[in-house]
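Engineer: Once you've had a glance at the structure underneath, I'll fire off some questions.
Structure follows, in structure tokens:
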């Protein structure tokens, strides 16, 4: 699903960008490392999905849930939109996109499977 790959690549780039922002604006090396690592891992799951779609999408989902688990409580507590609010909202959207992609994939699979 090319549209889902695009969503995941954009999410990867957002994580990398906000990691760099955290390092520059707040001088936190942890933000830089975490943002870049999550972004690169997400790009890896996109590449993996080309040969092993199920494992690539499961990896993407695990990373999105990890980002949600990290930033949703911070956003609820602080109401700070950068980066917690942005990553919470976007990660939730990506989780929904992964769910929609799964349903569309299953529908296509079931449509192509002959019934006996």
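In the working numbering, the protein residues as written are 20 to 135.
Just so it is clear, CB atoms sit at the ideal spot from N, CA and C, and this is done for glycine as well.
From a predicted model like this one, the values you see are computed outputs, not experimental measurements.
Less than 8 Å separating the beta-carbons of residue 85 and residue 76?
Structural biologist: Sequence index remark: in the chain shown, residue 85 carries index 66 (1-based). Sequence index remark: in the chain shown, residue 76 carries index 57 (1-based). Not in contact: residue 85 and residue 76 (Cβ atoms no closer than 8 Å).
Engineer: With contact counted as at least three CB pairs below 8 Å, one residue from each stretch, are the region 36-44 and the region 83-98 in contact?
Structural biologist: In short, these stretches do not touch, since the Cβ pair count stays below three.
Engineer: If you reduce the DSSP assignment to three classes, tell me which class residue 46 lands in.
Structural biologist: The sequence position of residue 46 within the chain shown is 27, counting from 1. Three-state DSSP puts residue 46 in coil, outside helix and strand.
Engineer: Are residue 113 and residue 28 touching if we call contact CB-CB under 8 Å?
Structural biologist: What you label residue 113 is simply residue 94 of the chain shown in a count that begins at 1. What you label residue 28 is simply residue 9 of the chain shown in a count that begins at 1. Not a contact, by the Cβ cut-off of 8 Å.
Engineer: Would you kindly check if the distance between the Cβ of residue 82 and the Cβ of residue 106 is under 8 Å?
Structural biologist: Within the chain shown, the letter at position 87 stands for residue 106. Within the chain shown, the letter at position 63 stands for residue 82. Contact: no.
Engineer: Taking only the alpha-carbon atoms, compute the straight-line gap between residue 124 and residue 131 and give it to the nearest angstrom.
Structural biologist: As a working note, residue 124 is residue 105 in the chain shown. As a working note, residue 131 is residue 112 in the chain shown. Looking at the two C-alpha atoms, the distance is approximately 11 Å.
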